[in-house]
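Shown next, in structure tokens, is the structure this report addresses.
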Amino acid sequence: MPLHCPRCKKNIDKAKVDEIDAQLMSAYHNDALRRGLCPVCMTPLIDTEMKVKE
Ligand SMILES: [Zn+2]
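So for the sequence shown, my numbering puts the first residue at 435; every next one is plus one.
Given below as structure tokens:
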């Protein structure tokens, strides 16, 4: 179950969040991902696990 950015319409695989976060931090000092925000547009990411199955 990925994290989803409603603005970029992009999914971020939860298994890769730590890896991507580490890369963002070392390259850009961007801590958006660990704060639950999209690293591109800073929109709060939606945890698709929280959604009730339709
Ligand atoms: Zn975004």
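Where a beta carbon is used, it is the ideal one built from N, C-alpha and C, also for glycine.
With distance defined between alpha-carbon atoms, name the residue in the options nearest to residue i.
i: Arg469; options: Leu479, Ala461 and Tyr462; result: Leu479
i: Met459; options: Asp447, Ile446 and Pro473; result: Pro473
i: Ile446; options: Leu437, Cys475, Ile454 and Glu453; result: Leu437
Would you say the beta carbon of residue i comes nearer than 7 angstroms to a heavy atom of ligand 1?
i: Lys444; result: yes
i: Val474; result: yes
i: Arg441; result: yes
i: Thr477; result: yes
Give the DSSP bridge partners of residue i, in chain order.
i: Ile454; result: Answer by DSSP bridge pairing: none, since Ile454 is not bridged.
i: Pro490; result: In the structure displayed, the chain extends from 435 to 488; residue 490 sits before or after that span and is not available.
i: His438; result: Asn445 and Ile480
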